[in-house]
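Here is the structure we will look at.
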Amino acid sequence: MGLETKLPDGVVLTTLESAVNWCRKYSVWPLLFGLACCAIEMMTAGMSRFDIARFGAEVFRATPRQPDLMIVAGRVSNKMAPVVKRLYDHMPEPKWVIAMGACASSGGMFHNYAILQGVDKIIPVDVYIPGCPPRPEALFYALTQLQQKITTQKFKDFA
Amino acid sequence: MEVLVNVTIDGQQVSVRAGTTILDAAKQLGIPIPTFCYYAKLVGIGACRMCLVEVEKMRGLQTACTTKVQEGMVVRTNTPEVVQTRQGMLEFLLTNHPLDCPICDKGGECDLQDQVFQFGGTVSRYVEEKRHKAKAKPLGPFVMKDEERCILCRRCIRFLEEWPGDPELDAFERGRNTVVDTFYGRPLTSPFSGNVIDLCPVGALTSIPFRFKARSWELKRTPSICTLCGAGCNLTLDAKANRLLRAVGRENPDVNDEWLCDRGRFGQDYVRSDQRLTSPLIRKDGQLQPATWDEALAFAARRIQDIAQTANPDVVAAVGSARASNEANYLLQKWARAVVGTNNVDFAGRPADGFAPLSSVTAPLRAGVVVLLGVDPLGDAPMVDLWIRRAALTKGTRVVAIGPKRPVVSRYGVWLGCRPGTESAVLAALLHLLARDERVQAPAKADLAGWTKDYAPDRVAEATGVSVQALKQAADFLAAKGSPLVLYGGGADLSPVRDLLALLGGEAGYLAPKPNAWGALLMGVAPDRYPGGASVEDAKARDSFGKQWDARLSPRKGLALADMLAGCREGIVQAMLVVESDLVREHPAAAEALRTLRFLVVVDQFLTATAELADVVLPSAAPSETDGTFLNLAKRLQRAAQATYPPKGVRPAWRVIADLVDAAQGKDKKRGAESHWDYETAAEIWREITRGVPVCRECTYETIGTAGWQPESAAEKVKPVPFAVEYPVAPEGYPLTLAAGQALFPKATPARYSPALAPVLWGDVLLVHPKDAEGRGIKTGDAVRVASARGAVELKARLTDEVVPGCVWACLESVAALLEAPDKATHVKLSRS
Amino acid sequence: MSIVNAVKGFYQILKAMAVTLKYFFTKPLTVQYPKEKIRLYPRFRGRHELQRRPDGLELCVGCGLCAAICPARAIYVEAAENTDEARYSATERYAGLYEINYTRCIFCGFCEEACPTGALKLGNEFALARASRGDLVMGKETLLQPATPHAIILED
């Protein structure tokens, strides 16, 4: 091809978009919060046996100003929904959401007045993880799915 | 005086009427005895041996359902021997039962499951191969039989013998090879065959249309009523995932006991038909094309307004329906009167002046003789037919059928076959005989003897085609049994009926074939009456309704339906709103009249023959998809409850009318404009109705409940009246007379759209007497052309002696185009085509 | 005092660092999923697998008992009738529509216990995350497939 052939070894050409996406993909920092039992599995995911750091997502941030990813781990009660929504709104773009477990995805077995029937009723969800609760590996699978999604993102979507 | 006997059951004393069974006596004490073959509404036969009890001083155990109590009898229902025997009986039943509950439609509502759960043992000791018999064998179009599951309780056999009197099922072979089957493997044809499905305590007889559609526990059950005929049978509508899947009889001793006819049981699925309209249609370039609701409503409202303003409000007409609920009919006439300003409101099948409702659907039980005056209850109101059969079988009630076509129930009496339009003459001949019968004692006798002197049986026989012998037999039944129940249809002449009642007592009633004929009339869908029956010329009523509706009401009487249609051609009526009424298939000469209209709006569930002529078609919800009240042929007020939501894009008829008004007034609901047409639910309309209609004043949806509500009505004293009968004269070239009626499975809206009824629907068939066919070379199955002065249609001939010679019979919807007005005979000619 | 404390403190640090150093020389504990398979016990409950008879016919007869027992109401079954031309199961009836909504399912296994024909087994597939809710309503065509092995099943 054109320019690549003239370049010395070790130099790679890419678009800015892919480069930025590549960076983002390996530094998805989650927001540090959990809502119910799924949060236990989410915490487990940070432990050495599972080691979420392998995906660059170990940096759980306790403020919504810094993370890129919101893992909604647990059932969202109607009372909690405005809080979750506000946290999401406070997160800077680009941001992603994983609905972890049946309750966050659809309300799960809590088909009742108190539980929000899926967190996607209030915030846009990128990946849903079935399970009650899902294994940490299931969370990792979702993370890889999310990473794939990030690589295909375009700048103009954020403009 | 009734004799009481004292019995002791499980140590408790009770006095019951002599002749009571042990089972019923125990029921009075609240002692449960398990039963299987026993069914309260059928004669007990003690076939299943589940109800065995111990009776002191009797050898062995006795069946509680058949053993009558005796004075001083001591019964024990819970001894170890009884309990062990019950377990043994159930174990025996299960050895021959395939236990394929997971694939059985009865699973979850099965008596056998329940009883084994409650009274059975735990583990079966039967390890051998079970018996194998035929599975999934259809018995007729609706009932599927599984011989393996049958426990031979004979409920189905007994029902068909004891209620409709169609003994089509019986047990064949013997011992463990016994099977329930039809004779010679013929299909089950009883019009009430579906009831055996409900009766079967196991899954041996299941419904073919409902087969594998849902499990019983998945169904959302809504107590409602059937709206496919005038009887208004109570039923439960079962739906799964917003799809109406089946109808099951619901107990109401005043209407249908707990039975349903096959039309009502299987025909409800028309709401699932893929021919349902789901979007409004507007005629553009001669074609009906889908449009949005806003577009269609605005267009319809504007056009009607334009036509009413350029001419006068009386060029607009509104046609209600005996098929629509009270709420829809009320709003329709309110629209015509308060918004348009005309009294041109009417509907097809409006009970004529003087017509009376039946005292009850079960009225045949109280009659000595049922007189069918030109009607066949099997087509018009099948449940009335069942009650006639039941009365004939249990009380010896006789049937005198007068008319061109022989009804099935005439097997319990006599058929006076006569040419259409001469029914009154035949009745006059009967009066002639009765007035001269010494068994009849009535003050009116002398008068009638004089009035009927021209109607001697032999003279009437000559003029009408009836046989003198049959006339004499019918008069004999009437004189011997007395208290007749006269059922009449559309164009009946009531004078001779009154005379019959004056002679013999009894009652007479209009056999309304549509679910809400009386309701539509009560709601004021009539050119001369307001809701509740006040005349439009009554200034007080006009003021009161004018105030309630906030409008100036027209003091002129409107046009009746026949006049409206006649007026269409002359421009007297230019725009019409037709709600849930298929005029083209139900009313003589409607098609050509509607074609001449400037603007026609049709609200209906389907693209009916009438809707095809419309300029705007608005889809409406079926009775099972919205709330509504109906007044049945006995004027019993009942609620059809919402079982499912209407399909997307479909609104209930009452909402369509209300939206039409909003569109006309251009009111912006967001700005909270005050409107009399802001109805959120049908119940709100009903509350408004009760304010204007005194009969229903105390009545709310809650008090109607699931059982219905019947206002008290006082029996009026009948005075004899003189009468004169005109014999119809056939014009030159039209030698035959055409009679139209309704079949059990008519091709009328909405039954014609039911997928389950599709295989049994009455086709475009013409019944011809072999004598009439002979000269014309017509055989069964031939295509024939029937022509009257109004037009001609092609039908398939069927030769039968069910009709009188000189008369051909077809279903109303096939020949509506040929017919004259309901009180006139239609003369036709017949040829092979 | 302060010197003693300083020495003690230094000792504590050394002790702690020794622990760290010890793990520096042990084999890492981390399971490198997704590069390697994880180890699961056989009683782990993952995605449902509809079973077939040896002759290839489906075991499911569409009785709907799984849907009836399901606490999350995640299962929807609509039965249909076998014909001679199209035969899916050995009896008269088969599941015409069999759907499990995995956003609702809680993998409790009641359905497996309720199944009268042994047609329903919960397998070991756990990697079910999808980007849309629609993809998580899985029909017969998916459920009849055996799961892709993400795991090594241990002895119980």
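Residue numbers (the working numbering), protein chains in the order written: chain A, 307 to 465; chain B, 880 to 1712; chain C, 22 to 177. Just so it is clear, CB atoms sit at the ideal spot from N, CA and C, and this is done for glycine as well.
{"query": "Residue-chain proximity (B:Lys1014, chain C), Cβ-Cβ < 8 Å", "result": "yes"}
{"query": "Delimiting residues of the beta strand (DSSP E) encompassing A:Trp402", "result": "402 to 406"}
{"query": "Residue range of the unbroken beta strand (DSSP E) whose run includes B:Gly1292", "result": "1292 to 1296"}
{"query": "Beta-carbon gap between B:Asn1113 and B:Val1134 smaller than 8 Å", "result": "yes"}
{"query": "Completely contained alpha helix (DSSP H) runs for the region 1162 to 1247 of chain B, where each covers 4 or more residues", "result": "1172 to 1189, 1205 to 1213"}
{"query": "B:Ala904 vs B:Val886 beta-carbon contact at 8 Å", "result": "yes"}
{"query": "Chain C contact residues for A:Thr458, given Cβ-Cβ distances below 8 Å", "result": "Neighbours of A:Thr458 on chain C: none; closest Cβ ~11 Å, over 8 Å."}
{"query": "Sheet register partners of C:His69 (DSSP bridge)", "result": "C:Leu143"}
{"query": "Contact set between C:Cys132 and chain B, taken where Cβ atoms lie within less than 8 Å", "result": "Neighbours of C:Cys132 on chain B: none; closest Cβ ~13 Å, over 8 Å."}
{"query": "Contact with chain C by B:Glu1465, beta-carbon distance below 8 Å", "result": "no"}
{"query": "C-beta neighbour in chain C for A:Asp463, strict 8 Å", "result": "no"}
{"query": "Length-filtered (4 minimum) alpha helix (DSSP H) runs lying within the region 1458 to 1529 of chain B", "result": "1462 to 1465, 1469 to 1474"}
{"query": "Contacts of B:Gly982 in chain C (Cβ-Cβ under 7 Å)", "result": "In the sequence on display, residue 982 of chain B carries Ile and not Gly. Chain C residues near B:Ile982: Val82, Cys84, Thr112, Glu113, Arg114."}
{"query": "Cβ pair count under 8 Å reaching 3, the region 1172 to 1190 of chain B against the region 1530 to 1545 of chain B", "result": "yes"}
{"query": "Contact check, A:Gly380 vs A:Gly340, beta carbons under 8 Å", "result": "yes"}
{"query": "Proximity below 8 Å, CB of B:Leu1251 to CB of B:Gly1282", "result": "yes"}
{"query": "C:Met159 vs C:Tyr123 beta-carbon contact at 8 Å", "result": "yes"}
{"query": "Sufficient close CB pairs (3 or more, under 8 Å) joining the region 395 to 406 of chain A to the region 423 to 437 of chain A", "result": "yes"}
{"query": "Short CB-CB distance (under 8 Å) between A:Met348 and chain C", "result": "no"}
{"query": "Buried or exposed by the 16-neighbour rule on C-beta atoms within 10 Å, applied to B:Thr1703", "result": "Strictly speaking, residue 1703 of chain B in this sequence is Lys, with Thr absent from that position. Per the 10 Å Cβ criterion, exposed."}
{"query": "Validate contact between the region 1685 to 1694 of chain B and the region 1589 to 1603 of chain B using beta carbons, cut 8 Å, 3 pairs", "result": "no"}
{"query": "Buried or exposed by the 16-neighbour rule on C-beta atoms within 10 Å, applied to B:Ala1552", "result": "At B:Ala1552 the pLDDT is 49, less than 50, meaning the model places this residue with poor confidence and gives no usable figure here."}
{"query": "Below-8 Å beta-carbon distance, C:Pro92 vs any chain B residue", "result": "no"}
{"query": "Any C-beta of chain B under 8 Å from that of C:Ala89", "result": "yes"}
{"query": "Local Cβ density within 10 Å of B:Val1263, reported as buried at 16 or more and exposed below that", "result": "buried"}
{"query": "Bridge partners - B:Cys927, DSSP secondary structure assignment", "result": "B:Cys927 pairs with nothing; no bridge assigned."}
{"query": "Chain B contact for C:Pro137 (CB, 8 Å cutoff)", "result": "yes"}
{"query": "B:Ser1499 versus B:Thr1628: straight-line alpha-carbon distance, rounded", "result": "14 Å"}
{"query": "Under the three-state DSSP convention, the category B:Thr1705 falls into", "result": "strand"}
{"query": "Element boundaries [beta strand (DSSP E), containing B:Ile1104]", "result": "1099 to 1104"}
{"query": "Segment contact flag, the region 1407 to 1427 of chain B with the region 1571 to 1580 of chain B, C-beta cutoff 8 Å, min 3 pairs", "result": "yes"}
{"query": "Euclidean distance between Cα positions of B:Ala1445 and B:Val1224", "result": "15 Å"}
{"query": "When B:Gly1054, B:Thr945, B:Glu1047 are compared against B:Gly1064, the one with the closest alpha-carbon", "result": "B:Glu1047"}
{"query": "Minimum Cβ-Cβ distance from C:Ala107 to chain B less than 8 Å", "result": "no"}
{"query": "Closer than 8 Å to chain C by CB, A:Asp432", "result": "yes"}
{"query": "B:Ile888 (DSSP reduced to helix, strand or coil)", "result": "strand"}
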